[in-house]
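1083 is the number that our numbering gives the last residue of the sequence shown; the numbers go up by one with no jumps. Right, one structure below, let's go through it.
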Amino acid sequence: MKYAFIGYSYQWLAASLLLAKMDAERNIDELEIEAAVKNNFDDVKIRCGSNNYFFQIKDMDQMSLDKLVVSGSEISIKGKAHKLSDHTNIIIFKQIEIEPNCEILGIPAYNFSGVYIITMSRTEMIENIHELYALDENRKNIIEYFFNDRLDQRILKISRDQLPSITLYSTELLEATVDVARERLSVENILLIEGKPGVGKSHFVKTLTDQYPNHILYRFWTSSQDKDYDKRLKYDNFLSELSKKVFSDYQSRDEKQILKEVVKNKAVVIIDGLDHVENYNTSDLEKFIAFINKLQKGSKTIILSRPLQRELTWEKYILGNWNLEQTIKVLNELYHISGYSISHKIFTLTDGYPILVKYIAEHYKKEKSIPDYEKFDSVDNYYRQLITNEKGKQALAIFLCSHTYTMRSELDLFLEDGLRDIVTEFIEEHPYLFEVRLNRIALFHDSLVTYLRKLNINYVRSLEKINNLVYDSIMAGEIRFMSRVNFYSLSDQKKNNITKKYSSIVQFKELISQVVDFEAIQSFYFQVRENLSFMNPAELEIIHFYDLSLIINMVQRDHLSTLHAANYTYLQGLIANGYTEEDITSGGYLFSMLYYLRTNNASLILNLLAAQHYDTQYFYRELEKEIKEERTFFSKHDNALSASRISELLKKTDSFYLKDLITHILQNLYIHQTKIGRFKDLFTAVDNYMNGNPALGREILQDFIALYQIDDFKANWILKDVKKYLYAFGLHPQDNDYKCLSLHDVILKNKNRGSYNLRIIILNYIRLALHEKRQIHIAEIDLFWCKYYNRKDYSMYGLDVALKLFQDKGFAHPLKSISLIGHIQNISEKGYNDLLASYIVQHPPGIIHFISENFEFKDLSISWLDLPTDYINVMPNHIFQHAFIGVLRSHSYSKQIDYRDIANVLGSVREMELKAVLKMHGYKIKIEEKSPEVKILKSKDINFETTPLDKISAKIKSDSTTRYKQGILKKEDEKLIKEKGLQSYQVAGFANGNYSALADSDIFTLFSKEDIRKNIKLILFNALTGKMESISAFHDVYLYPGNLLKIAGYNEVEIDYALFFKSFTAFLELSLFDSDLQD
């Protein structure tokens, strides 16, 4: 959302904008904050090629050009001299009146005697950042996380190549590869490299990428347990990935633009595994072929594939086996088999067939002997000699029954005892044929699947048994198979039944009770939404759409993923309380962390965090650092600090870290009850603070930190942090919630805190129990999973609409509604400033008096003068004066007020007062030139000044046709809607500018109420599934629940409001809000 950065310092925001430009536009090579330079333009330094730019960033009021003077190598700002650099100098002011006469770094500026002046408010910076990341909100979050992390580490110089990698599907194979020096191929325009299964096509890519350094690689397959496998096969995702790789940004581009850029860059496009599309996503095969045919006209294109049924006219190269020399090289480098005699035997047996070389090499390493087989002429021949009895074939058919891994315990569920033993024994004898991750087993190579299918094994009964077991398990509310529901061959009816059952908040509430792996629930519901796309909307009731939208908003909340230390401690807590890998059924971060703990292999985590971590070295350093901090949480205070050691630490510690050091010292003194000489006062400070006299404790500590030039007010911060740690350490057991309360009660007691603080409290609870070896009911963490998220959780955007509707139906009272909105605004970091105002304007103006009588107006988050004129007319004088004076004060220096700040006062009973005050104090109204409101100001004889049209706003604006092509429609597109003859249910599939579903409820007023009632289910269905004519795209559903109710109410759709209110209050309860909305 646009205002995600509000709340940060002006300097931080300006630096964030420059970093965003470096990331999105890729013109800036390096950025340094607080640069060590011999001039005063050291706030930010950036380098573009050989050009250097030095910045001063000024959050100053009452600034104007007449307060700037350039003289020689200095510029005076309000009388204070600042030395200029010898390069390009730029000053960014929060507000200064200028008429831009040039651009610098693509930003409008004023050239003031060689110094570039930029005026940009916080809001304008946010708008700029929003524009840079308009097509990928998540990238903005990643860069913000990256920037804050760098600042925390005091790494103040950032080069472009250090930025987080652009999120792409992994192109790394599960297995290591080696360049076997195959022949270098000559490619004119297009070459199809065709080869039998396991001949090394994917490994041959290494040769190709070495031969063509300027390449773009796309793989359709990397591993049997690849979480992105099905996504890779879809054409739209292929285009998106190609665009990212070609442009190194996140802009949305069509096929023509992508093709043009590939040709321009003279890149060689390598596409590996086209046969996977033919086998598993046939509907998109022709799209890929058509694209490749266009691509090869201007760019070298190489496709690797098994033989396809679809006939192709492309030049073909048949990839053969390795020769003896190549086989020896692979055996030496990958398998450390160096003896010529053994290598020659392996080559003779396999004829250099790559996959067979692997299998026999692995067999040799395990058994220290070469198997006594006949020479293989194909991989099928190998499997034939390996699997000789019918029972073995029947047992292995279990791997034909799904497209996912199977847990070891599931072999017991799926197979009879005899067959289970056969499979288990086969895996133990031939582990190299499988991809085994802890308790999860999948086939290493799908050539074995192909072979088993060729045998025409009758596994119908097994398939039916497995599908029924999976279905019955899911319908019974068991978590085991939920994250894999779409990887089994369930019938459409079974999938529909699952979707219908779990599109209920009642079922959801039962489902998450005692859940320890929330990622499994998240994965399940993402698949439920996918399955919804294939249902007949008539099979569902309106309440199903409403409940599912509420559930989707909740499962998107993610409190633990990507937090190494948090997941480490949580997992240790699960293990200590009797949970095993059987209880972790998702394939996300929790399992990846478990895999790391069990194997010390962090590759799964690394793959999941490709967007946040930019190289392996950095990733591993951070992972180990965070986990080490958790492991030493208690042990770091094993030994008491001596007076000499404290003196030494204080003397040698950098001033930036002194606050943290003093916090550590205070903790240590109190834990060991140490009263040492001249540091006795430190113990006294913390002792008083912990035992009922915080004021004296702060006073004593203030005297101490003053010696180190630390601000007085930080004494309170330090002591608060010390107290939190000491309770987390387990001290004061008589009143320590971590020791006295259950996890359930701790969460409920702290539910009104923000999610970040609550997460820390929960982890403190688990960590202390682990340290003390206490058993706890760790599954009570289930209360936390759906907790409203502090930042960027927009699931309450439609709350105002829902509350008003339920009030009208007698289910809620305005007093409780306003209190709830106020609480949400208070605990939200950003994004909800307008929620209360939006709620107010749904009521008659008289609600202003109700608010004035029942609330302290200064405690409410609302811009009073932004309310419509009718509300200003009835506004009590004390509220109006407070709001009006606030506007005047914020513009007291420039004497210029934005038109939008007073627009609604014009025409109100306060207009004359407004005009008089403006005139008396010499204020002008600032308004964009060519704005229609200019006429209003002229007619009212109000002094005003015009400003140039905002370039960013103009750039964002688009016409109806452009929006339509982008999958966006608004009510203002009425003409286009009629021209194209779009029906209400077709319009429903389109999103708004922020790609939110069902966001513009007013667009449905273009259709009759009868039409809406007749098509309501199809409307809700298309909005939730993003169905737009021939394409589909899921949009966020933040506004969906509220607008569903609004559309139903306006169009007199018959629904049971009591049932909907019950779901609504369940949503509030699960979000850890009070749900009692009655007076």
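Every residue, glycine too, gets a C-beta built ideally from N, C-alpha and C. Since the structure is predicted, the reported quantities are computational estimates derived from the model, not experimental observations.
State buried or exposed for aspartate 90, treating a residue as buried only when at least 16 other CB atoms are found within 10 Å of its CB.
Translated into the one-based positions of the sequence shown, residue 90 becomes position 86. With fewer than 16 other Cβ atoms within 10 Å, it is exposed.
Reference glutamine 313, options Glu290, Met879 and Asn472, closest by Cα
Taking the sequence shown and counting its residues from 1, the one referred to as residue 313 is at position 309. When each option's Cα is compared against that of glutamine 313, the closest is Glu290.
Given threonine 620, which residues of its chain have a CB within under 6 Å of its CB, disregarding the five upstream and five downstream residues?
Along the sequence shown, read from residue 1 onward, the residue named residue 620 stands at position 616. In this predicted model, threonine 620 has a pLDDT of only 44, less than 50, meaning its place in the structure is not dependable enough to derive any value.
Among Ser54, Asn43 and Ser117, which one has its Cα closest to the Cα of histidine 86?
Position 82 of the sequence shown, counted from the start, is the residue given in the question as residue 86. Checked all of Ser54, Asn43 and Ser117; the closest Cα to histidine 86 is Asn43.
Does DSSP classify alanine 569 as helix, strand or coil?
Here residue 569 corresponds to residue number 565 of the sequence shown, with the count starting at 1. Of the three classes helix, strand and coil, the one that applies to alanine 569 here is helix, per DSSP.
If you draw a straight line from the C-alpha of asparagine 877 to the C-alpha of valine 913, how long is it?
What you label residue 877 is simply residue 873 of the sequence shown in a count that begins at 1. What you label residue 913 is simply residue 909 of the sequence shown in a count that begins at 1. So the two alpha carbons sit approximately 6 Å from each other.
Give, in chain order, every unbroken run of the alpha helix (DSSP H) that is at least 4 residues long and sits entirely within the region 272–355.
278–284, 289–299, 328–339 and 344–354
Of all the options Ala907, Glu860 and Leu807, which has the alpha carbon lying nearest to the alpha carbon of histidine 886?
On the sequence shown, position 882 is the one that residue 886 refers to. Of the candidates Ala907, Glu860 and Leu807, the one whose C-alpha sits nearest the C-alpha of histidine 886 is Glu860.
Could you check the C-alpha separation between arginine 484 and glutamine 518 for me, to the nearest Å?
The residue given as residue 484 occupies position 480 in the sequence shown. The residue given as residue 518 occupies position 514 in the sequence shown. If I take the Cα positions, the gap works out to 14 Å.
Through-space distance from aspartate 1004 to glutamate 179, alpha-carbon basis
On the sequence shown, position 175 is the one that residue 179 refers to. On the sequence shown, position 1000 is the one that residue 1004 refers to. Confidence is the limiting factor: at glutamate 179 the pLDDT is only 49, short of 50, which leaves the residue's position unreliable, though a coordinate-based value still follows. In a straight line, the C-alpha of glutamate 179 is about 49 Å away from that of aspartate 1004.
What residue does the alpha helix (DSSP H) around threonine 127 start on, and which one ends it?
Along the sequence shown, one-based indexing puts residue 127 at 123. Taken as a continuous stretch (DSSP letters only), the alpha helix (DSSP H) holding threonine 127 covers 126–136.
With a 10 Å radius around its C-beta and 16 neighbouring C-beta atoms as the bar for buried, classify glycine 422 as buried or exposed.
Looking up residue 422 in the sequence shown gives position 418. Glycine 422 comes out exposed.
Work out the CA separation of phenylalanine 815 and phenylalanine 1077 for me, nearest whole Å.
As a first step, residue 1077 is located in the sequence shown; it is residue number 1073 there, counting from the start. As a first step, residue 815 is located in the sequence shown; it is residue number 811 there, counting from the start. Roughly 17 Å separates the two Cα atoms.
Close Cβ partners of glutamate 949 (< 8 Å) along its chain, the five nearest in sequence each way excluded:
Counting from one through the sequence shown, the residue named residue 949 turns up at place 945. Gln900, Lys928, Ile929, Lys930 and Ile931.
Check whether the Cβ atoms of alanine 542 and lysine 1021 sit closer than 8 Å, and answer yes or no.
Counted from its first residue, the sequence shown places residue 542 at position 538. Counted from its first residue, the sequence shown places residue 1021 at position 1017. Contact: yes.
Check the DSSP bridge columns for lysine 87 and list the partner residues they point to.
On the sequence shown, residue 87 is found 83 positions in, with the first residue counted as 1. BP columns for lysine 87 point to Glu78.
May I have a chain-ordered list of the beta strand (DSSP E) segments no shorter than 3 residues that lie completely inside the region 877–905?
900–902
Give the range of the alpha helix (DSSP H) segment to which tyrosine 436 is assigned.
Counting from 1 along the sequence shown, the entry for residue 436 is found at position 432. Per DSSP, tyrosine 436 belongs to no alpha helix (DSSP H) and is neither H nor E.
Three-way DSSP call (helix, strand, coil) for phenylalanine 4 in this model:
Within the shown structure, residues of the chain are numbered from 5 to 1083, placing residue 4 beyond reach of any answer.
Can you give, in chain order, each stretch of the beta strand (DSSP E) that sits fully within the region 807–839 and has at least 3 residues?
none
Return the CA-CA distance between lysine 718 and glutamine 706, expressed in angstroms with no decimal places.
The residue given as residue 718 occupies position 714 in the sequence shown. The residue given as residue 706 occupies position 702 in the sequence shown. Computed Cα separation, rounded: 8 Å.
Taking the CB atoms as reference points, tell me whether lysine 499 and asparagine 540 lie closer together than 8 Å.
As a first step, residue 499 must be located in the sequence shown, where it is residue number 495. As a first step, residue 540 must be located in the sequence shown, where it is residue number 536. Cβ distance not < 8 Å, so lysine 499 and asparagine 540 don't count as in contact.
Since phenylalanine 97 and threonine 123 are thought to touch, with beta carbons under 8 Å apart, how far apart are those beta carbons, to the nearest angstrom?
Counting from 1 along the sequence shown, the entry for residue 97 is found at position 93. Counting from 1 along the sequence shown, the entry for residue 123 is found at position 119. Right, their Cβ atoms sit about 5 Å apart.
With burial defined as no fewer than 16 other Cβ atoms inside 10 Å of the residue's Cβ, what is the status of asparagine 93: buried or exposed?
Taking the first residue of the sequence shown as position 1, residue 93 is located at position 89. Result: buried.
Mind checking who cysteine 106 pairs with in its DSSP beta bridge?
If you number the sequence shown from 1, residue 106 lands on position 102. Ala113.
Bridge partners of alanine 995, per DSSP?
Along the sequence shown, one-based indexing puts residue 995 at 991. According to DSSP, which records beta bridges pairwise, alanine 995 is partnered with Ile972 and Ala1001.
Alanine 446 to glutamate 439 span [Cα, whole Å]
In the sequence shown, residue 446 corresponds to position 442, counting from 1. In the sequence shown, residue 439 corresponds to position 435, counting from 1. Near 5 Å, if we compare the C-alpha coordinates of glutamate 439 and alanine 446.
Please classify lysine 791: is it buried, with 16 or more other beta-carbons within 10 angstroms of its beta-carbon, or exposed?
Within the sequence shown, the letter at position 787 stands for residue 791. Buried, because 16 or more other Cβ atoms sit within 10 Å of the Cβ of lysine 791.
Looking only at its own chain, which residues have a Cβ that is under 6 Å from the Cβ of isoleucine 765, when we skip the five neighbours before and after it?
Position 761 of the sequence shown, counted from the first residue, corresponds to residue 765. Contacts found: Asn754.
Under the three-state DSSP convention, the category phenylalanine 1077 falls into
For the purposes of this step, residue 1077 is identified with residue 1073 of the sequence shown, where counting begins at 1. Phenylalanine 1077 falls in the coil class under three-state DSSP.
Taking the alpha-carbon positions, what's the phenylalanine 430 to arginine 424 distance?
Here the question's residue 430 lines up with position 426 in the sequence shown. Here the question's residue 424 lines up with position 420 in the sequence shown. Each residue's Cα considered, the two are about 10 Å apart.
Tell me the rounded alpha-carbon separation between tyrosine 386 and phenylalanine 380.
By 1-based counting over the sequence shown, the position of residue 386 is 382. By 1-based counting over the sequence shown, the position of residue 380 is 376. Taking the straight line from one Cα to the other gives about 6 Å.
So which of Tyr344, Ser345 and Glu378 has the shortest CA-CA distance to leucine 360?
Residue numbering aside, residue 360 sits at position 356 when the sequence shown is read from its first letter. Of the candidates Tyr344, Ser345 and Glu378, the one whose C-alpha sits nearest the C-alpha of leucine 360 is Glu378.
Label tyrosine 344 either buried or exposed according to how many other C-beta atoms from any shown protein chain fall within 10 Å of its C-beta, with 16 as the threshold for buried.
For the purposes of this step, residue 344 is taken as the residue at position 340 of the sequence shown. Exposed is the call here.
Helix or strand or just coil, what does DSSP make of alanine 446?
Stepping through the sequence shown from its first residue, residue 446 is reached at position 442. Three-state result, alanine 446: strand.
The beta strand (DSSP E) that contains valine 41, what's its start and end?
Sequence index remark: in the sequence shown, residue 41 carries index 37 (1-based). Per DSSP, valine 41 belongs to no beta strand (DSSP E) and is neither H nor E.
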